[in-house]
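*Asks:* If you use numbering that gives the first Met the number 0, the sequence shown corresponds to residues 0 to 225, in order. All C-beta atoms, glycine included, are put in the ideal place defined by N, C-alpha and C. First the structure, then my questions, so here it is.
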Amino acid sequence: MSILNALYIVATPLGNPGDIGWRALETLAGVDVIAAEDTRRAGRLLGQFNISTPCLSLHEHNEAQASARVVRRLQAGQSVALISDAGTPLISDPGYELVRMVQAAGLRVIPVPGPSALTAALSVAGLPNDRFVFEGFLPPRAAARRARLEQLRDEPRTLVFYEAPHRILESLQDMMAVFGAQREATVARELTKTFETVRRDRLEALVAWAAGDGEQRRGEIVVLVR
Numbered sequence: 000m001s002i003l004n005a006l007y008i009v010a011t012p013l014g015n016p017g018d019i020g021w022r023a024l025e026t027l028a029g030v031d032v033i034a035a036e037d038t039r040r041a042g043r044l045l046g047q048f049n050i051s052t053p054c055l056s057l058h059e060h061n062e063a064q065a066s067a068r069v070v071r072r073l074q075a076g077q078s079v080a081l082i083s084d085a086g087t088p089l090i091s092d093p094g095y096e097l098v099r100m101v102q103a104a105g106l107r108v109i110p111v112p113g114p115s116a117l118t119a120a121l122s123v124a125g126l127p128n129d130r131f132v133f134e135g136f137l138p139p140r141a142a143a144r145r146a147r148l149e150q151l152r153d154e155p156r157t158l159v160f161y162e163a164p165h166r167i168l169e170s171l172q173d174m175m176a177v178f179g180a181q182r183e184a185t186v187a188r189e190l191t192k193t194f195e196t197v198r199r200d201r202l203e204a205l206v207a208w209a210a211g212d213g214e215q216r217r218g219e220i221v222v223l224v225r
C-alpha cells in the first residue's frame, strides 16, 4: 500500500496479537514515525511483527506539546500513525486534541479500523445494541460517580462504561443503588485475552460475584447496563 502524508489512526489488538489487521501492519511498518501512548508497550507490540518504525510519546500529560510536534512533522511531509495502549485510539484515550490540530492545519486524518473494547463488549453482552450510550470512565470519586449515574438512571438506551479494576466493585454497588438491584447488566473483562470473562445477570448478582471472586476485579473491564 502507498503511505500518504497523513495522520493514520491505527487500531491495535486488545490483547490477542492475532487480531491485528494486515492494513494496520502495513501502515505501522510504512509510516515515518508512530505516536504511542506508551512507547515501551508499543515497542513490544511492534517487535512481535518485526516492525522497527521509531516511536514518540503522546499521552494525556503531554498531548498538547506532542501534538504540535506531530503537526510539524506532517507539515514537513512525513507520515505519522497514532496508536493507543490497546484497541482504537481516541476511545477514552488520548488523540482528540491531535486530530483537531491536524485537521486545523489542513492535513489529512485517515482511519485504520480494527479492535475496540467498546464494540467487542457490545457484540457479546446479550443486551440491546441497536442504540447505546458510551460513557467512558465514570468519575473516580464516589459522590461524583453517583451523581452521574443519577443523571443516567432513566436513559432507555444501553449504557456502556469502562472501569478500572480497583473501582469495579464500588461502581457496581453504586449502579445497583441508583439503578436498582434487578437491573440487567453485563460485565465483560479481559476481552480477547486468556482470562476473558463475560457475565450477564442482575446487578445484585453481579455485585455478589465481583465481591466474592477477586479475580473478577482484575484486568480491563467494560460494564454494560440495560
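Scan the stretch 153-213 and note each continuous beta strand (DSSP E) run of 3 residues or more that stays entirely inside, going in chain order.
*Replies:* 157-162, 183-188 and 196-201
*Asks:* Quick one: measure Cβ to Cβ for Leu148 and Arg216, integer angstroms, because I've assumed they're closer than 8 Å.
*Replies:* The pair is not a contact, with the Cβ atoms about 19 Å apart (cut-off 8 Å).
*Asks:* Identify the continuous alpha helix (DSSP H) that holds Ser122 and give its terminal residues.
*Replies:* Ala116 to Val123
*Asks:* For Tyr95, count the other beta carbons within 10 Å of its own beta carbon; 16 or more makes it buried, fewer makes it exposed. Which is it?
*Replies:* exposed
*Asks:* Which same chain residues end up closer than 7 Å to Met175 when comparing Cβ atoms and leaving out the 5 residues on each side of it in sequence?
*Replies:* Leu202, Glu203 and Val206
*Asks:* CB-CB under 6 Å to Asp84, same chain, minus the five flanking residues each way: which ones, in chain order?
*Replies:* Glu36, Asp37 and Arg40
*Asks:* On the three-state DSSP scale, how would you describe Pro260?
*Replies:* This structure cannot speak to residue 260, because the chain is shown only from 0 to 225.
*Asks:* Which residue from His165, Pro112 and Leu158 puts its Cα closest to that of Gly213?
*Replies:* His165
*Asks:* Would you tell me roughly how many angstroms separate the C-alpha atoms of Asn49 and Met0, rounded to the nearest one?
*Replies:* 18 Å
*Asks:* Pull up the distance between the alpha-carbon of Phe194 and that of Arg188, whole angstroms please.
*Replies:* 8 Å
*Asks:* Please identify the residue among Asn15, Ala5, Leu13 and Gly17 whose C-alpha is closest to the C-alpha of Thr26.
*Replies:* Ala5
*Asks:* Give the secondary structure of Ser78 by DSSP, where H, G and I count as helix, E and B as strand, and everything else as coil.
*Replies:* coil
*Asks:* Are the Cβ atoms of Gln77 and Asp18 separated by less than 7 Å?
*Replies:* no
*Asks:* DSSP has Tyr7 in a bridge; who is on the other side?
*Replies:* The partner list for Tyr7 (beta bridge, DSSP) reads Ala80 and Ile109.
*Asks:* Would you call the CB atoms of Glu183 and Ile220 closer than 7 Å?
*Replies:* no
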